[in-house]
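Chemist: Handing you this structure, nothing more for now.
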Amino acid sequence: MSRKTFSLFDPALLWPALADALRKLDPRVQWRNPVMFVVYAGSLLATLLCAQALLGQGEAPAGFIGAITLWLWFTVLFANFAEALAEGRSKAQAASLRSLKKATWAKVLEEPRHGARWHPVESGALRRGAVVLVMAGDVVPADGEVVEGVASVDESAITGESAPVIRESGGDFSAVTGGTRVLSDWIVVRVTADPGETFVDRMIAMVESARRQKTPNEIALTILLVALTIVFLGVTVTLLPFSLFSVQAAGAGTPVGVAVLIALLVCLIPTTIAGLLSAVGVAGMSRMMQANVIATSGRAVEAAGDVDVLLLDKTGTITLGNRQAAALLPAPGVSPRELADAAQLASLADETPEGRSIVVLAKQRFELRERDLEALGAHFVHFSAQTRMSGVDLPPAPARQVAGGDTVAVAVRQVRKGAADAIRRHVQTLGAAFPAALDAVVEEVSRRGSTPLVVADGARVLGVVELKDIVKGGIKERFAELRRMGIKTVMVTGDNRLTAAAIAAEAGVDDFLAEATPQDKLALIRRYQGEGRLVAMTGDGTNDAPALAQADVAVAMNSGTQAAKEAGNMVDLDSNPTKLIEVVETGKQMLMTRGALTTFSIANDVAKYFAIVPAAFVSTYPQLQALNVMQLASPASAILSAVIFNALIIVFLIPLALKGVRYRPLGAALLLRKNLLVYGLGGVVVPFVGIKAIDLVLGAMGLA
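For the sequence shown, the UniProt record's numbering puts the final residue at 704, and the numbers step up evenly by one.
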């Protein structure tokens, strides 16, 4: 099953959005947008004036007041429609996830192991800590961590990708999501979320929440818009007594009407951006979801637009990530075959592409076959971020006698492979010295941009395995774009400094952190934040959780552990580390869209000023006819044309608000100049053209 995509004005979205727009006329809903609430209140007052005019007691013809009233209500409805359409698109994108909430039966184990007795329990009754068995063909009943087994899982209902993924106990690919289906084998899963708190629950609640939390920038902009509205409201209120006094003093003319003042106020306050502001925020989260990234809040999307430091893992993000063993470089006095034998032993339990490539290289070069693991009696030591090495402990050989009759016990054989500094510490702990000749080998491999893995058998260092990786095509150009936007890129890798420097130079990143541990990542993030910067990073493992929790934008991989997903404020359903760049671009696009619409909205008030102010007061001050630069047909036509344009411009800008302005990697200063030129100048010119065109239409219809 895959998620359905919807066009901008799909009928499946259009009609529900129209119904929602009417429901949003509830005063309790309108009050959340202070600027549009002023329009709402003005529409109610205009409705009363229209009713009064119909009774023959109006200050102006009933048709004129009725037309103003109708278009004021349209202004409110169009703003509601923009927000409802944005919310509807987000709801539609998550509609397929509802099918994942269907009740299913779980096999709850009485003991946390495969083969134990189990009893059926409905998935809705599962609680955190329960252990369930999921077999081929079963639906995973709840979010959890695989504690035993390995299986192929279909996650297409969440990711939209039909290709199955492998989930296994241990490592960074142990998390499973409720509602996905096991295709082969079996897994034992420990439930990590109570009902209503699962990943799917959070996704549905996020996209369908009627009370979207406003972001800091959105709150600041709202305060600005409210301040402008208060200023214009104060000005408009004082105009009526001025008009009455002027008419009385001159003994001629007609005072301005209340309906005209309402129209003036609505046209001069920033209704365009106020009506679209919420839609821009919702659409930003929707575009994230279209990219298969789930943001837990609008704050995360906005923060992505403000990010100025990107922390990027080398493997899988900057490089292709499939490092392969390319060469065996033995130490002096060590044969290549001996090095290959030890390297293969240390890699037998290593299921990473690097580990498997070492086993294959040993087979191809020296015809070394895999050993019988049970016969070896081996204890495998898995890689960790702290030790940065892995290997195998082989049992000691039987005690043997030496000359003199003494019995000598042979110690456990420790075969290790790992980073040069890690192996150096290991052999020094065993009381030996690291061969000086190998330092030059490690340095030479690192200078080539390859990764050196040093192999040791006990305290004896045998040599180096060279792993080669390839920098992704086009990544250097992407980093150049980010640099033009003022974003600093930092590559994070566990490789030594020489290897990191070579890859960093080839990829074009601004800085790098080599031999990185979880504590190093956390310290680096805090250092940048201490300088006043916003930091974004990705992660998938439990060891990434502290850094993800600290970062301003933290994108956790869906394939990663539950701890990583809970620490992040975004989840990438595709588990693609490169997605972080796209996340930042989407956040930037949302900020650019908001800025463009704000610029346009404030600029077009200038043109509406020339249309409506002379028309509104020409009966009081005939000299204002000189300001009728548009040559509008009549005062009534000018006022009505401005009100109609004010309503219709919201409709025409809805596609821009939902799709966003076209993203370009520009710096802040250049972006400001572009907005002023395109949307500032456009905001002045378009109303002149639009209002004049509406005036001509009204004249042709005999309504001017």
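The C-beta atom is built at its ideal place from N, Cα and C for all residues, glycine as well.
From which residue to which residue does the alpha helix (DSSP H) around G587 run?
Modeler: The sequence position of residue 587 within the sequence shown is 587, counting from 1. Per DSSP, G587 belongs to the alpha helix (DSSP H) from 579 to 617.
Chemist: Just reading off the beta strand (DSSP E) that H379 is part of, what are its end residues?
Modeler: Indexing the sequence shown from 1 puts residue 379 at position 379. That run of the beta strand (DSSP E) goes 379 to 381.
Chemist: Have a look at K608 and A259 and give me their C-alpha separation to the nearest angstrom.
Modeler: Along the sequence shown, read from residue 1 onward, the residue named residue 608 stands at position 608. Along the sequence shown, read from residue 1 onward, the residue named residue 259 stands at position 259. Going by the C-alpha atoms only, they are around 17 Å apart.
Chemist: Restricting to Cα atoms, I'd like to know which of G560, G683, P614, Y621 is closest to N604.
Modeler: For the purposes of this step, residue 604 is taken as the residue at position 604 of the sequence shown. Checking every option, the nearest Cα to that of N604 belongs to G683.
Chemist: For G179, which of helix, strand or coil comes out of DSSP?
Modeler: One-based indexing of the sequence shown puts residue 179 at position 179. G179: coil per DSSP, three-state reduction.
Chemist: What's the call for A422, buried or exposed, on a 16-neighbour Cβ count within 10 Å?
Modeler: Stepping through the sequence shown from its first residue, residue 422 is reached at position 422. Buried.
Chemist: Check whether the Cβ atoms of E515 and R497 lie closer than 9 Å to each other.
Modeler: On the sequence shown, residue 515 is found 515 positions in, with the first residue counted as 1. On the sequence shown, residue 497 is found 497 positions in, with the first residue counted as 1. Contact flag set, yes.
Chemist: How is the alpha helix (DSSP H) around I525 delimited, first residue to last?
Modeler: As a working mapping, residue 525 is identified with position 525 in the sequence shown. Segment 518 to 530, the alpha helix (DSSP H) holding I525.
Chemist: Can you list, in chain order, the residues of its chain with a C-beta nearer than 7 Å to that of V39? Leave out the 5 residues immediately preceding and following it.
Modeler: The residue labelled residue 39 in the question sits at position 39 within the sequence shown. Hits under 7 Å: L72, T75, V76, V266, T271.
Chemist: Using only CA atoms, which one of G66, A79, A62 lies nearest to A657?
Modeler: Here residue 657 is taken as the residue at index 657 of the sequence shown, counted from 1. Cα-wise, what sits closest to A657 is A79.
Chemist: Run through the DSSP bridge pairs and tell me what G144 is partnered with.
Modeler: If you number the sequence shown from 1, residue 144 lands on position 144. Answer by DSSP bridge pairing, in chain order: V176, V191.
Chemist: Hey, could you find the ends of the alpha helix (DSSP H) M701 is sitting in?
Modeler: Mapped onto the sequence shown, residue 701 falls at position 701. First-last for M701: undefined, no H or E at that position.
Chemist: Going by C-alpha to C-alpha distance, which of S123, G58, D350, P241 sits closest to G196?
Modeler: Here residue 196 is taken as the residue at index 196 of the sequence shown, counted from 1. Among S123, G58, D350, P241, the Cα nearest to that of G196 is on S123.
Chemist: May I ask you to check if the CB of K488 is nearer than 8 Å to at least one heavy atom of the ligand FAD?
Modeler: Absence of the ligand FAD from the depicted structure is noted, as is the absence of any ligand whatsoever, leaving it without description.
Chemist: By alpha-carbon positions, which one of P34, F64, S450 ends up nearest to L225?
Modeler: Along the sequence shown, read from residue 1 onward, the residue named residue 225 stands at position 225. The shortest Cα separation from L225 among P34, F64, S450 belongs to P34.
Chemist: To the nearest angstrom, how far is the alpha carbon of T254 from that of S243?
Modeler: The residue you call residue 254 lines up with position 254 of the sequence shown. The residue you call residue 243 lines up with position 243 of the sequence shown. Each residue's Cα considered, the two are about 8 Å apart.
Chemist: Can you grab the Cα-Cα spacing for the pair A409 / V427, in whole Å?
Modeler: Indexing the sequence shown from 1 puts residue 409 at position 409. Indexing the sequence shown from 1 puts residue 427 at position 427. Here A409 scores only 46 on pLDDT, less than 50, and its place in the model should not be relied on; the value that follows carries that caveat. Rounded to whole angstroms, A409 to V427 spans 20 Å at the Cα level.
Chemist: Based on the DSSP output, what are the partners of I294 in its beta bridges?
Modeler: Walking along the sequence shown from the start, residue 294 turns up at place 294. According to DSSP, I294 bridges with V571.
Chemist: If the criterion is Cβ atoms closer than 9 Å, does the pair V571 and A304 meet it?
Modeler: Taking the first residue of the sequence shown as position 1, residue 571 is located at position 571. Taking the first residue of the sequence shown as position 1, residue 304 is located at position 304. No.
Chemist: Near A369, which residues of its chain fall below 7 Å by C-beta distance, leaving aside the five closest residues on each side in sequence?
Modeler: Within the sequence shown, the letter at position 369 stands for residue 369. The sequence given here has Arg at residue 369, not Ala. Here the set comprises K363.
Chemist: Quick check: the region 535 to 551 against the region 351 to 359, are at least 3 beta-carbon pairs closer than 8 Å?
Modeler: Segments in contact, no.
Chemist: Using C-beta distances below 6 Å, list every residue in its chain close to T69, excluding the 5 sequence neighbours before and after it, in chain order.
Modeler: Here residue 69 refers to the residue found at position 69 of the sequence shown. Same-chain partners within the cutoff: A46, T47, C50.
Chemist: When the Cβ atoms of the region 631 to 644 are set against those of the region 690 to 697, are three or more pairs found closer than 8 Å?
Modeler: The region 631 to 644, when compared against the region 690 to 697, does touch it at the 8 Å Cβ threshold.
Chemist: May I ask which residues mark the beginning and end of the beta strand (DSSP E) holding K488?
Modeler: For the purposes of this step, residue 488 is identified with residue 488 of the sequence shown, where counting begins at 1. Run containing K488: 488 to 492, per the beta strand (DSSP E) assignment.
Chemist: Taking A616 as the reference, give the member of V309, L580, D350, A263 with the closest Cα.
Modeler: As a first step, residue 616 is located in the sequence shown; it is residue number 616 there, counting from the start. Residue A263 is the option with its Cα nearest to A616.
Chemist: Just reading off the alpha helix (DSSP H) that G234 is part of, what are its end residues?
Modeler: Taking the first residue of the sequence shown as 1, we reach residue 234 at position 234. G234 -> alpha helix (DSSP H) spans 216 to 250.
Chemist: Just the C-alpha distance for N646 and V686, rounded to the nearest angstrom, thanks.
Modeler: Here the question's residue 646 lines up with position 646 in the sequence shown. Here the question's residue 686 lines up with position 686 in the sequence shown. Going by the C-alpha atoms only, they are around 11 Å apart.
Chemist: For the pair the region 321 to 333 and the region 282 to 296, tell me if three or more CB-CB distances fall below 8 Å.
Modeler: The answer is no - the region 282 to 296 does not touch the region 321 to 333, with fewer than three Cβ pairs under 8 Å.
Chemist: Report buried or exposed for M491, applying the criterion of at least 16 other Cβ atoms within 10 angstroms of its Cβ.
Modeler: Position 491 of the sequence shown holds residue 491. Classification for M491: buried.
Chemist: Suppose you measure from the CA of I223 to the CA of G275; what does that come to, to the nearest Å?
Modeler: One-based indexing of the sequence shown puts residue 223 at position 223. One-based indexing of the sequence shown puts residue 275 at position 275. Taking the straight line joining both Cα atoms gives about 14 Å.
Chemist: Taking its Cβ as the centre, do 16 or more other Cβ atoms sit within 10 Å of G405, making it buried, or is it exposed?
Modeler: Here residue 405 refers to the residue found at position 405 of the sequence shown. Below a pLDDT of 50, predicted positions are generally treated as unreliable, and G405, at 47, falls in that range; the measurement from the model is reported next regardless. Exposed.
Chemist: Could you tell me which residues DSSP pairs with W31 in its beta bridges?
Modeler: Along the sequence shown, read from residue 1 onward, the residue named residue 31 stands at position 31. Answer is none; W31 lacks a bridge partner.
Chemist: Tell me whether H426 sits in a helix, a strand or coil according to DSSP, three-state version.
Modeler: Working through the sequence shown from its first residue, we reach residue 426 at position 426. Three-state result, H426: helix.
Chemist: With a Cβ-Cβ cutoff of 9 Å, do R416 and V442 count as a contact?
Modeler: In the sequence shown, residue 416 corresponds to position 416, counting from 1. In the sequence shown, residue 442 corresponds to position 442, counting from 1. Contact flag unset, no.
Chemist: Since I believe P452 is in contact with V464 (beta carbons under 8 Å), could you give me their beta-carbon distance rounded to a whole number of angstroms?
Modeler: Walking along the sequence shown from the start, residue 464 turns up at place 464. Walking along the sequence shown from the start, residue 452 turns up at place 452. Confirmed, Cβ separation roughly 5 Å.
Chemist: Under the rule that 16 or more other beta-carbon atoms within 10 Å means buried, what is T238, buried or exposed?
Modeler: Within the sequence shown, numbered from 1, the residue matching residue 238 stands at position 238. It counts as exposed.
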